[in-house]
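Here is the structure we will look at, set down as structure tokens.
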Ligand SMILES: Cc1cc2nc3c(=O)[nH]c(=O)nc-3n(C[C@H](O)[C@H](O)[C@H](O)COP(=O)(O)O)c2cc1C
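Okay, here's the thing in structure tokens:
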């Protein structure tokens, strides 16, 4: 019988990321679930979810954005790494993922201009959703550098295999790189070099905290899709600077909360594999592995992206939420049976934006009710 390797030789071939070997090219891209409790602790279903993902045949699971400070979060149901008391929770998540055979990576984040609970902060007071973020003074920037580093140290202690810095979605790291949201005139703004200073300091401090043997990846916002925002051709020099700084891989994404809901962006992201061309630009500029995610609906498309050298790693977020058997079905030649994440359906996004745990409209009705019951228990 033909195996996944026969059908999709590139997709099911191993790859080295930093000093870790990934069994195939399929990664769970981070997907905030809202399954943590209101004080950012484990819920039984949060652990069950990551167990399921870790056992799904994916080579690595990147655990959803985890908070690096106590106060600044996008949502109360955010998992936390800002204090040693959270190491045990993180360890249970890492164990849940690894038990099933996948490597475990943890994404670290500060939401910056979208820290709506404690009040938005950012490089400059550039209005967002009717609010003006507080401009971070240099002293606080230094504290934040240390907050990322200390959180990464906890991620390592908890037994994860890698850590990822969240430089996407317009959150804190991305807001410094953007010429639209960073209008500083000090060393942390101005030229591209200045705008990159904060992310590179975070990267260096993180590497120092975790040591050379622990890979640090970076979620990279290549295009804000907003007038005056970060966009190519600056993507390539930034990718090169991050590679030079020592990141183990770059995970490409586009858009921020200020552009996600624009009609032209909705249209753009409804296309299958819509970030592959932008990943390809980055891949041309660096030699570390590049990941692309964005409606990679089946293994045929994923194999083509790899064959055309657009990316080295395939990120699946809603795709594996919709169908945790995506990888197995691909391996068994049953790709026609993969449950579809329907274009235009925004049930998952609506759920998390209203502060509830994520559910998926593609799930059979019984599964949806079962998960809702577990979340309410
Ligand atoms: C509900 C939801 C939550 C997400 N949470 C995160 C997150 O925590 N960190 C992140 O970098 N990206 C996050 N993303 C973006 C995904 O990682 C991914 O880039 C995007 O959904 C496209 O991939 P897909 O089409 O396979 O879903 C999220 C997306 C959705 C829909």
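Residue numbers (our numbering): 73 to 449.
Built from N, CA and C at the ideal position, the CB exists for glycine as well.
It should be emphasised that the depicted structure is a prediction, and the values quoted were computed from it without experimental measurement.
Check: Cβ-heavy atom distance between residue 366 and ligand 1 below 7 Å?
Finding: Within the chosen limit of 7 Å, ligand 1 reaches the beta carbon of residue 366 through at least one heavy atom.
Next item on the list: For residue 91, count neighbouring Cβ atoms within 10 angstroms of its own Cβ and tell me buried if that reaches 16, exposed if not.
Entry: Around the Cβ of residue 91, a 10 Å sphere holds fewer than 16 other Cβ atoms; the residue is exposed.
Check: Below 8 Å between beta carbons: does that hold for residue 288 and residue 282?
Finding: Judged by their CB atoms, residue 288 and residue 282 are nearer to each other than the 8 Å cut-off.
Item checked: Closest Cα partner of residue 382 within the set 143, 117, 359 -> The option with the nearest alpha carbon to residue 382 is 359.
Next item on the list: May I ask you to report which of helix, strand or coil DSSP gives residue 430?
Entry: In the three-state reduction of the DSSP assignment, residue 430 falls in the coil class.
Next item on the list: Throw me the rounded Cβ distance for the residue 140 and residue 180 pair, which I believe falls under 8 Å.
Entry: 5 Å between Cβ atoms; contact.
Item checked: Integer Cβ distance of residue 194 from residue 208, believed to fall under 8 Å -> Indeed, because the Cβ distance is near 7 Å, the residues count as touching under 8 Å.
Margin query: I'd like the list of long-range same chain contacts for residue 374, defined as Cβ closer than 6 Å, with 5 residues on each side in sequence excluded.
Written below: Answer for residue 374: 83, 368, 386, listed in chain order.
Next item on the list: Please indicate yes or no: does the CB of residue 327 lie closer than 7 Å to some heavy atom of ligand 1?
Entry: It does not: the Cβ of residue 327 is nowhere closer than 7 Å to a heavy atom of ligand 1.
Check: Where does residue 234 fall in DSSP's three states?
Finding: Under the three-state reduction of DSSP output, residue 234 falls in the strand class.
Check: Going by Cα to Cα distance, which pick from 227, 317, 273, 257 is closest to residue 245?
Finding: Proximity to residue 245 across 227, 317, 273, 257 peaks at 273, based on C-alpha coordinates.
Check: Is the segment 197 to 208 touching the segment 221 to 228, taking contact as three or more C-beta pairs under 8 Å?
Finding: The segment 197 to 208 is not in contact with the segment 221 to 228.
Next item on the list: May I have a chain-ordered list of the beta strand (DSSP E) segments no shorter than 3 residues that lie completely inside the segment 385 to 427?
Entry: Listed in chain order, the complete beta strand (DSSP E) runs (minimum 3 residues) inside the segment 385 to 427 are 385 to 388.
Notebook entry, point to check: Around the Cβ of residue 270, are there at least 16 other Cβ atoms within 10 angstroms (buried) or fewer (exposed)?
Noted result: Flag for residue 270 reads buried.
Next item on the list: Following the continuous alpha helix (DSSP H) through residue 93, name the residue where it begins and the one where it ends.
Entry: Annotation for residue 93: no alpha helix (DSSP H) segment contains it, though the beta strand (DSSP E) segment containing it runs 92 to 94.
Next item on the list: Could you tell me whether the Cβ atoms of residue 446 and residue 431 are closer together than 8 Å?
Entry: Cβ distance not < 8 Å, so residue 446 and residue 431 don't count as in contact.
Next item on the list: Note down, one range per segment and in chain order, each beta strand (DSSP E) of at least 3 residues found wholly within the segment 232 to 288.
Entry: Taking only runs of at least 3 residues, the beta strand (DSSP E) segments lying wholly in the segment 232 to 288 are 234 to 239.
Item checked: Whole runs of the beta strand (DSSP E) within the segment 175 to 227, excluding any shorter than 3 residues -> Within the segment 175 to 227, the complete beta strand (DSSP E) runs of at least 3 residues are 175 to 181.
Next item on the list: Note down, in chain order, each residue of its chain lying with its Cβ closer than 8 Å to the Cβ of residue 414, except the 5 sequence neighbours on either side.
Entry: Excluding positions up to five away in sequence, the list reads 433, 434.
Next item on the list: May I ask you to check if the CB of residue 179 is nearer than 7 Å to at least one heavy atom of ligand 3?
Entry: Ligand 3 is not part of this structure, which contains only ligand 1.
Checklist line | Which listed residue (146, 162, 340, 121) has its alpha carbon closest to that of residue 189 | finding: When only C-alpha atoms are compared, the closest one is 146.
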